[in-house]
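Below is one structure, written out as structure tokens; the observations come after it.
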Ligand code: BGP
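In my numbering, the protein residues as written are 4 to 493.
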């Protein structure tokens, strides 16, 4: 196998899906805290009180808060992120298990509202800083390199409500302050950073899941994204000033798109889909400027971006040091009528007859990972990392407490083989962090039963359980892989 000697092997989680302790030690609420649990069929909802004081909800993907309404936690709903898997109180035990597996890297995020409960304060919450410092020290104790996502879907609720979220330019300043605090407070403890998780989702998701976005939603999404690009560029600059050792990356939701047919219209649509969904963000963050096709996208959606001269300079000066992405599946685009569609909560596209699908309709496609790696490395020439990859599946706990998950082992093995091939073909792949190395709350559906972990957490979809941790078969498999640096896959 061709994995380099110092390759990072590890796992990934996000604050809002794992920490719990949503209102502990001064933490303020985030958007994820007013998001209900869903399932493969039922969407997650965001709950609110409307202008007349009546409770209401809208689907997390596909709508916006009505005029005059306030986000609210309502009686009669379950909010799975409130408790997550209680990583907040279990982190020592969890990190010990990661160390047993042999992790050399652990990806996690910082909850913005744990540091800045409202988001626009001048001074951070010391308790929040203390928590993360302790986590990083614990990781260092086991020689595990932290990889920290500054923003992972959890903008403080107050910023959403008071300022309207990322469509407001003011969010850049608040994020800058937050990022600066992270770089300053955790200097020496953290060297690897990601500015925004799956930054491209904002635009990409407008057209997925059969969503039909309104013209205003397109305009808002592109402006939102522009503000995040500028904030990301600022973070790169600030991070480098504070510690030149810092390596700061972008993080893209990597989906490999294929055309359904060889009809040239399909081929063209496929290329345009890559541009809109994947390259649009990578180009700005890696090359420091919008791609030539951006004008076509803006015109198509009647987007008139508010971009300042200074923004353009900042984008140029704040390009990232590495490209990181999540990869779960490929999907298909076509101009033709689709006969067989994929069910599930995410990829509602045409079904690929060459692939098998998970219970949530996600295509198992390791070759798609190789394709993505080779294409992206060739485009940017930056060190690259797979910071999320994994299989959400139903697990069964046997009478004796053991959990046999050969499906997860197979998924892992085949994706490692794909990475190996990409490295052999010249890709400078420097690390791999499996998504949800410990079971956690699903971002898409809010379920616990959609499990990714090598470590099982005893908690169900209604929040019942002991929160006890136990090892699945895949735990020992990954341990073996790490020990052999990707060589022993049997
Ligand atoms: C990505 C997110 C993660 C994670 C993962 C799996 O989109 O960055 O937060 O949750 O997907 O998705 P899900 O939880 O919906 O199965």
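Glycine included, C-beta positions come from ideal geometry on N, C-alpha and C. All figures in this text were calculated on a predicted structure; none of them were measured in a lab.
Bounding residues of the beta strand (DSSP E) (the contiguous stretch that carries residue i)
| i | result |
| --- | --- |
| residue 110 | 108 to 112 |
| residue 333 | 325 to 336 |
| residue 378 | No beta strand (DSSP E) holds residue 378; the alpha helix (DSSP H) holding it covers 369 to 383. |
| residue 218 | Per DSSP, residue 218 belongs to no beta strand (DSSP E); it is in the alpha helix (DSSP H), 218 to 245. |
| residue 15 | 11 to 15 |
| residue 285 | Unbroken run through residue 285 is the alpha helix (DSSP H), 283 to 290; no beta strand (DSSP E). |
| residue 195 | 195 to 199 |
| residue 389 | 387 to 391 |
| residue 101 | No beta strand (DSSP E) holds residue 101; the alpha helix (DSSP H) holding it covers 90 to 104. |
| residue 62 | 58 to 62 |
| residue 457 | Element bounds for residue 457: n/a, residue is neither H nor E. |
Residue from the options whose Cα sits closest to the Cα of residue i
| i | options | result |
| --- | --- | --- |
| residue 190 | 243, 12 and 200 | 243 |
| residue 21 | 449, 491, 479 and 483 | 449 |
| residue 27 | 77, 79 and 92 | 92 |
| residue 164 | 144, 246 and 53 | 53 |
| residue 356 | 391, 322, 300 and 264 | 264 |
| residue 117 | 134, 230, 302 and 341 | 134 |
| residue 34 | 106, 161 and 403 | 161 |
| residue 141 | 106, 395 and 74 | 106 |
| residue 375 | 333, 252 and 47 | 333 |
| residue 71 | 59, 24, 459 and 131 | 59 |
| residue 12 | 79, 62 and 110 | 110 |
| residue 178 | 326, 193, 152 and 285 | 152 |
Inter-residue spacing [alpha-carbon to alpha-carbon] between residue i and residue j
| i | j | result |
| --- | --- | --- |
| residue 38 | residue 8 | 42 Å |
| residue 57 | residue 115 | 29 Å |
| residue 233 | residue 255 | 16 Å |
| residue 81 | residue 465 | 7 Å |
| residue 248 | residue 144 | 20 Å |
| residue 159 | residue 31 | 7 Å |
| residue 257 | residue 207 | 11 Å |
| residue 290 | residue 148 | 27 Å |
| residue 1 | residue 478 | Lying before the first or after the last residue shown, residue 1 is absent from the chain, which here runs from 4 to 493. |
| residue 77 | residue 439 | 28 Å |
| residue 366 | residue 410 | 13 Å |
| residue 269 | residue 4 | 36 Å |
| residue 403 | residue 452 | 20 Å |
| residue 184 | residue 329 | 26 Å |
| residue 279 | residue 463 | 37 Å |
Heavy atom of the ligand BGP within 8 Å of residue i beta-carbon
| i | result |
| --- | --- |
| residue 457 | no |
| residue 198 | no |
| residue 231 | no |
| residue 204 | yes |
| residue 453 | yes |
| residue 440 | no |
| residue 396 | no |
| residue 87 | no |
| residue 45 | no |
| residue 447 | yes |
| residue 22 | no |
| residue 253 | no |
| residue 329 | yes |
| residue 13 | no |
| residue 256 | yes |
| residue 125 | no |
| residue 17 | yes |
| residue 393 | yes |
| residue 115 | no |
| residue 363 | yes |
| residue 210 | no |
Where residue i falls, given that 16 or more other Cβ within 10 Å makes a residue buried
| i | result |
| --- | --- |
| residue 295 | exposed |
| residue 308 | exposed |
| residue 36 | buried |
| residue 311 | exposed |
| residue 1 | This structure gives no information on residue 1, because the portion of the chain shown stretches from 4 to 493. |
| residue 435 | buried |
| residue 201 | buried |
| residue 421 | buried |
| residue 427 | exposed |
| residue 99 | exposed |
| residue 137 | exposed |
| residue 226 | buried |
Near the ligand GDP: residue i beta-carbon under 8 Å from a heavy atom
| i | result |
| --- | --- |
| residue 156 | Among the ligands present in this structure, namely the ligand BGP, the ligand GDP is not found. |
Span of the alpha helix (DSSP H), counted from its first residue to its last, around residue i
| i | result |
| --- | --- |
| residue 477 | 476 to 486 |
| residue 209 | Per DSSP, residue 209 belongs to no alpha helix (DSSP H) and is neither H nor E. |
| residue 365 | Per DSSP, residue 365 belongs to no alpha helix (DSSP H) and is neither H nor E. |
| residue 185 | 173 to 188 |
| residue 300 | 297 to 303 |
| residue 150 | Run containing residue 150: none in the alpha helix (DSSP H); it sits in the beta strand (DSSP E), 148 to 154. |
| residue 276 | 267 to 277 |
| residue 255 | Here residue 255 belongs to no alpha helix (DSSP H); instead the beta strand (DSSP E) covers 250 to 262. |
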